[in-house]
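All residue numbers for the first sequence refer to full-length UniProt numbering, where the first residue is 1 and numbers rise by one.
Don't be surprised by glycine CBs; every beta carbon is placed ideally from N, CA and C.
Reading through the structure tokens given below for one structure.
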Amino acid sequence: MPARIITSDDEDDLMPPSRPSTVKRVKDEDDDDAPVVKKVKKESSTPKASPKVKKATTTTKVKKESTTNAKKAPVKKTTTTTIKKDPVKQQTVKKTTIKKETVGADGKIKKEETEEAEDVYKWWENDNQDDSIKWETLEHKGVMFPPEYEPLPKSVLMKYDGTPVVLPHAAEEVAGFFGAMLETDHAKNPTFQKNFFNDFKAVLKESGGAKDKDGNNVQIKAFSKCDFSDMYAHFEKMREEKKAMSAAEKKAIKAERDKIEEPFKVCLLNGRKEQVGNFRIEPPGLFRGRGAHPKTGKLKRRVMPEQITINIGKGVPVPEPPAGHKWGEVRHDNSVAWLAMWHENINNSIKYVLFAANSSLKGMSDYKKFEKARELKKHVATIRKDYEKELKSEAMFERQRATAMYLIDVLALRAGGEKGDDEADTVGCCSLRYEHITLSPPNIVEFDFLGKDSIRYHQEVEVSPQVFKNLRIFKKAPKKVGDDIFDRLDPSVLNKHLQNYMPGLTAKVFRTYNASKTMDDQLALIPNEGTVAEKLVKFNAANRAVAILCNHQKTVSKTHGESVGKIEDRINEVVWQKWRHKRMLLDLEPKLLKKEPKLFEDLDELSKEEKTACANRLLEKDSERWTKKFERDNEKLVAEKQKPKPKSELNAKLKDLADTNKQYLKEIKSNKVEGKGTVEKLRAQVEKLETRVTTMRMQLKDKEDNSSVALGTSKMNYIDPRLTVKFSKKYDVPIEKLFTKTLRDKFQWAIQSADEDWEF
DNA sequence: TATCCGACTTAGCAATTCCTAA
DNA sequence: TTAGGAATTGCTAAGTCGGATA
């Protein structure tokens with residue numbers, strides 16, 4: 001098809017392009033009085049159709065600084081270092097033993113001796129550029145298989161149409177997979193049920209079919225007649241039992257497990273010990289596809305050694321397959337970084353056993369990824385200039401390419417490859433369809449689509465007039481629902497174009513670059529002052545700006561609404577106390593109402609019903625507390641062979657509480673509270689209560705804002721870790737507060753190589 | 001040129017562990 | 001001391017992208 005030429009008719013309302021950095025996001029209809037903000041700030045609304053409640057906003061959750069940590073602070077370290085030569089690379093490695101003395105919370109000195117940093121290979125101090133060869137020598141112990149299926153107790157049976165049925169072990173295992181998930185959303189999803197049931201029936205047929213207690217065949221025909229509740233109850237019971245085990249028992253089990261796993265955890269890469277990531281073969285189960293995945297619920301079959309390809313160095317012992325089995329294949333391919341692989345049966349995709357995140361190979365590729373993003377800094381101005389120009393190109397293809405570039409650069413959209421009918425319908429930039437964008441003149445674009453993992457991307461964005469105009473052209477009839485917006489474009493075309501600017505440049509680099517750049521800009525705004533806790537809050541706010549840019553979300557926890565409700569109750573209780581104090585003030589000095597009307601304008605903040613609820617909650621809570629205390633005290637007295645306190649003592653206290661409650665209810669009804677103390681004291685108390693309400697409301701907002709934003713993904717994959725290390729050093733915030741243990745291991749290279757002067 | 005496949009990164013949810021407040 | 005909620009880790013699904021294949 002020849003490139004479509006854009007006619008002058010299309011150009012009638014051409015306007016000068018605006019810089020991408022001036023693109024603004026606008027808010028959803030539910031809070032349209034909020035300020036319009038720049039690029040990093042965006043809102044996503046609660047989807048009505050989706051079962052998940054997702055929301056993204058921009059405030060910070062205040063994390064309280066731990067005081068016990070401060071007590072632990074004095075640490076005495078003794079470090080012994082032995083230097084030896086690495087046999088393969090002649091690289092100097094250090095074996096460091098760190099002896100630590102820490103003062104615990106109990107005031108006792110604890111001695112720990114950890115062999116941190118054993119055989120540290122500082123690959124980042126070498127210039128190791130070759131990517132095509134991943135290793136010289138590789139030794140490992142293979143993979144760990146999940147345990148064999150253990151049949152359920154004979155008493156635990158699935159019921160069909162009310163009759164308990166005996167299933168062959170293979171079928172019972174599959175039924176059990178479903179039974180264990182009975183109370184999850186998956187098990188309630190019709191597609192999941194249908195796929196599970198088809199595969200279950202197939203296994204049942206293969207393995208001999210279901211029988212009743214007399215050995216007669218039972219035809220399993222309808223899912224709706226299957227009852228897995230006994231199985232579910234059985235698994236619940238097992239879980240409870242496991243939970244109820246003593247700490248010693250749990251520890252013993254863990255120790256045994258660790259012992260079995262130990263050989264698989266590490267391997268020798270070029271003679272150095274490195275950690276293996278997922279050495280466990282995935283156990284069989286039901287495929288938990290995300291979103292509306294057509295295959296969700298299908299049986300993921302047990303992986304046999306015969307399906308597994310082992311990749312290992314030449315001339316080293318090949319790990320033994322389980323007794324009676326053979327490996328599918330043994331390879332010696334040093335151009336790849338996997339130790340084992342197999343094809344899974346759901347999508348026939350390949351699963352790999354790879355190195356752990358803290359390994360040198362993963363570290364190097366991470367390092368290269370961020371260096372590539374930094375390299376983009378040098379080219380981004382040219383690229384932007386070019387696509388701004390091409391937004392007005394006469395060639396349809398170029399215009400589409402430029403528009404897509406704009407969206408990838410400004411909104412941090414993913415490339416968006418084609419997907420098949422046997423996958424969930426999700427899109428990225430190049431695969432956006434007609435129905436995913438709505439245009440509102442003069443230049444507001446509403447994006448509403450499901451992205452990776454079926455996470456909803458819902459934004460109203462103010463784009464440059466030229467981009468708006470282009471999108472309108474790309475949506476022009478005969479285009480209709482279901483058609484691609486960028487019909488001339490796909491990621492490979494786009495990426496090929498990007499290679500012209502810089503080798504290795506692809507759409508995904510823009511996400512890394514813009515995420516790190518945003519973080520860098522946000523961190524630069526933080527003043528170097530305040531406590532560690534305050535600086536942490538600001539760091540997290542910067543992190544959140546990045547997470548929002550990348551649309552990283554998490555499902556709102558099931559208990560979120562409940563815990564918000566509890567906080568709201570507590571806020572109301574403080575507001576009610578504030579009301580009482582103000583009423584007392586008026587009781588002592590009625591003229592204040594006229595003199596300081598502002599002070600009393602919030603007197604009706606709570607309705608009578610709300611105040612009554614507060615008073616009653618207080619009564620309930622106090623009664624419960626006193627009753628519990630009474631019981632506990634008496635138990636103690638009995639244990640000490642003393643006479644317990646008489647019940648009348650408790651009853652007297654409960655009566656006191658009830659009387660106070662009556663008094664409160666009277667106050668609420670009459671709108672009058674008897675003044676006690678002095679006006680000055682009351683004023684001070686009111687002020688204190690005001691600040692408390694403000695703080696609590698702020699914390700609540702933080703909780704709400706954070707409830708659906710996932711900070712971890714950007715910290716782990718998009719923000720150059722050297723930015724975090726730089727922040728740590730410059731602002732004197734311990735790195736332990738910014739990176740978890742796992743991230744510190746993963747980003748060892750950054751921690752050791754960046755300082756406060758490092759620049760992204 | 002389109003499609004598929006292989007290799008690897010990115011991602012959210014589930015399970016486990018840790019911490020805090022009562 | 002313990003329960004419950006937050007933080008962290010583990011698991012594996014779902015992307016990107018380059019190169020092979022049809």
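Can at least three beta-carbon pairs, one atom from the stretch 486 to 497 and one from the stretch 402 to 412, be found at a separation below 8 Å? The answer is yes - the stretch 402 to 412 touches the stretch 486 to 497, with three or more Cβ pairs under 8 Å.
With a CB to CB cut of under 6 Å and the five nearest residues on each side skipped, what residues in its chain are close to Asp-490? Counted from its first residue, the first sequence places residue 490 at position 490. The answer, listed in chain order, is Cys-430.
By the 10 Å Cβ neighbour count, where 16 or more other Cβ atoms means buried, how is His-332 classified, buried or exposed? Your numbering for residue 332 matches position 332 in the first sequence. Looking at its Cβ environment, which holds fewer than 16 other Cβ atoms inside 10 Å, His-332 is exposed.
DSSP-derived helix/strand/coil call for Gln-748: What you label residue 748 is simply residue 748 of the first sequence in a count that begins at 1. Gln-748 falls in the helix class under three-state DSSP.
Take the Cβ of Asn-551 as the centre, count every other Cβ of all protein chains shown within 10 Å, and call the residue buried at 16 or more, exposed below. Position 551 of the first sequence holds residue 551. By the neighbour-count criterion, in which 16 or more other beta carbons inside 10 Å mark a residue as buried, Asn-551 falls on the buried side.
When the distance is taken between beta carbons, is Val-546 closer than 7 Å to Thr-518? The residue given as residue 518 occupies position 518 in the first sequence. The residue given as residue 546 occupies position 546 in the first sequence. Their beta carbons are under 7 Å apart, which means Thr-518 touches Val-546 by this criterion.
Taking Trp-342 as part of the beta strand (DSSP E), name the residues at either end of that continuous run. For this step, residue 342 is matched to residue 342 along the first sequence. 338 to 343 is the extent of the beta strand (DSSP E) around Trp-342.
Taking 7 Å as the cut-off, decide whether the C-beta atoms of Pro-644 and Asn-634 are in contact. The count along the first sequence starts at 1 and reaches residue 644 at position 644. The count along the first sequence starts at 1 and reaches residue 634 at position 634. For the 7 Å CB-CB criterion, Pro-644 and Asn-634 form a contact.
With DSSP as the reference, label Gln-663 as helix, strand or coil. Mapped onto the first sequence, residue 663 falls at position 663. The DSSP-derived three-state label of Gln-663 is helix.
If we call anything under 7 Å between Cβ atoms a contact, is Gly-675 one with Asp-587? Locating residue 675 in the first sequence gives position 675, counting from the first residue. Locating residue 587 in the first sequence gives position 587, counting from the first residue. Closer than 7 Å, so yes.
Under the three-state reduction of DSSP, which class applies to Val-156: helix, strand or coil? The residue you call residue 156 lines up with position 156 of the first sequence. Three-state result, Val-156: coil.
May I ask you to report which of helix, strand or coil DSSP gives Ser-335? The count along the first sequence starts at 1 and reaches residue 335 at position 335. DSSP, reduced to helix, strand and coil, places Ser-335 outside both helices and strands of the structure shown, so it counts as coil.
Unbroken stretches of the alpha helix (DSSP H), 4 residues or longer, contained in the stretch 674 to 752: The qualifying runs are 679 to 706, 712 to 717, 721 to 730, 735 to 738 and 741 to 746.
Over what stretch of residues does the beta strand (DSSP E) that includes Tyr-352 continue unbroken? In the first sequence, counting from the first residue as 1, residue 352 sits at position 352. That run of the beta strand (DSSP E) goes 350 to 354.
Out of Glu-371, Gly-291, Lys-669 and Glu-529, state which residue places its alpha-carbon closest to the alpha-carbon of Asp-422. For this step, residue 422 is matched to residue 422 along the first sequence. Of the listed residues, the one whose Cα sits closest to Asp-422 is Gly-291.
So who's on the other strand from Ser-440, going by DSSP bridges? Walking along the first sequence from the start, residue 440 turns up at place 440. Paired residue(s): Ile-444.
Given this structure, state the Cα-to-Cα distance separating Lys-715 from Tyr-160, to the nearest angstrom. Sequence index remark: in the first sequence, residue 715 carries index 715 (1-based). Sequence index remark: in the first sequence, residue 160 carries index 160 (1-based). Straight-line spacing of the CA atoms in Lys-715 and Tyr-160 works out to 49 Å.
Less than 7 Å separating the beta-carbons of Leu-432 and Arg-472? The residue you call residue 432 lines up with position 432 of the first sequence. The residue you call residue 472 lines up with position 472 of the first sequence. The Cβ atoms of Leu-432 and Arg-472 do not sit closer than 7 Å to each other.
With DSSP collapsed to three states, give me the class of Met-304. Position 304 of the first sequence holds residue 304. Looking at Met-304 - three-state DSSP - the assignment turns out to be coil, as it is neither helix nor strand.
Taking DSSP as the reference, what is the three-state secondary structure of Ala-49? Locating residue 49 in the first sequence gives position 49, where the first residue counts as 1. Bear in mind that the predicted position of Ala-49 carries a pLDDT of just 31, short of 50, making it too unreliable to give a figure here.
Check whether the Cβ atoms of Val-165 and Val-218 lie closer than 7 Å to each other. Taking the first residue of the first sequence as 1, we reach residue 165 at position 165. Taking the first residue of the first sequence as 1, we reach residue 218 at position 218. In contact: Val-165 and Val-218 (Cβ atoms closer than 7 Å).
Please go through the same chain and pick out, in chain order, the residues whose beta-carbon is closer than 7 Å to the beta-carbon of Ser-50, but skip the five residues on each side of it. The residue given as residue 50 occupies position 50 in the first sequence. Caution applies to Ser-50, whose pLDDT of 33 falls short of 50 and renders its modelled position unreliable; the model cannot decide the point.
Assign Gln-219 to one of three DSSP states: helix, strand, or coil. Stepping through the first sequence from its first residue, residue 219 is reached at position 219. Correct three-state label for Gln-219: coil.
Please look up how many angstroms separate the CB atoms of Phe-197 and Phe-223, rounded, as I've assumed it's under 8 Å. The sequence position of residue 197 within the first sequence is 197, counting from 1. The sequence position of residue 223 within the first sequence is 223, counting from 1. Between Phe-223 and Phe-197 the Cβ distance is about 4 Å, and since that is below 8 Å, they are a contact.
Beta-carbon proximity list for Met-584, same chain, < 8 Å, skipping 5 on both sides: Looking up residue 584 in the first sequence gives position 584. Its chain contains Val-673, Glu-674, Gly-675, Lys-676, Gly-677 and Leu-682 as the residues whose beta carbon lies nearer than 8 Å to that of Met-584, once the 5 sequence neighbours on both sides are disregarded; these appear in chain order.
Integer-rounded CB distance, given that Trp-135 should sit under 8 Å from Leu-339: Working through the first sequence from its first residue, we reach residue 339 at position 339. Working through the first sequence from its first residue, we reach residue 135 at position 135. 10 Å between Cβ atoms; not a contact.
Check whether the stretch 237 to 256 touches the stretch 317 to 333, counting contact only when three or more Cβ pairs, one atom from each stretch, lie closer than 8 Å. Under the Cβ criterion (8 Å, minimum of three pairs), the stretch 237 to 256 does not count as touching the stretch 317 to 333.
Determine the direct distance from the alpha carbon of Asn-347 to that of Phe-355, and round the result to whole angstroms. Position 355 of the first sequence, counting from 1, holds the residue named residue 355. Position 347 of the first sequence, counting from 1, holds the residue named residue 347. Straight-line spacing of the CA atoms in Phe-355 and Asn-347 works out to 24 Å.
Got a sec? Which residues, its chain only, sit under 8 Å from Ile-735 by beta carbon, not counting five neighbours each side? Within the first sequence, the letter at position 735 stands for residue 735. For Ile-735, where only same-chain residues beyond five positions count, the Cβ hits under 8 Å are Thr-724, Val-725, Ser-728, Arg-744 and Ile-751.
Using the Cβ count rule (16 or more neighbours within 10 Å means buried), how would you classify Lys-314? Looking up residue 314 in the first sequence gives position 314. That one is exposed.
So if DSSP puts His-458 in a beta bridge, which residue, or which two residues, is it bridged to? The sequence position of residue 458 within the first sequence is 458, counting from 1. Asp-448.
For Leu-738, collect the residues of the same chain with a Cβ closer than 6 Å to its Cβ; drop the 5 residues on either side in sequence, then sort them by chain order. The sequence position of residue 738 within the first sequence is 738, counting from 1. Cβ neighbours of Leu-738 beyond the five flanking positions: Thr-724 and Ser-728.
Close-in-space but distant-in-sequence residues of the same chain around Asp-227 (CB under 7 Å, 5 per side omitted): Start at 1 with the first residue of the first sequence, and residue 227 comes out as number 227. So the qualifying residues of the chain are Met-158 and Lys-159.
With a threshold of 16 other CB atoms inside 10 Å of the CB of Met-698, please say whether the residue is buried or exposed. Taking the first sequence and counting its residues from 1, one reaches residue 698 at position 698. Classification of Met-698: exposed, given that the 10 Å Cβ count is below 16.
For Ile-133, collect the residues of the same chain with a Cβ closer than 7 Å to its Cβ; drop the 5 residues on either side in sequence, then sort them by chain order. Looking up residue 133 in the first sequence gives position 133. Excluding the 5 residues flanking it on each side, Ile-133 has same chain C-beta neighbours closer than 7 Å at Asn-334 and Ser-335, in chain order.
Please classify Glu-573: is it buried, with 16 or more other beta-carbons within 10 angstroms of its beta-carbon, or exposed? Counted from its first residue, the first sequence places residue 573 at position 573. When all chains shown are included, Glu-573 counts as buried.
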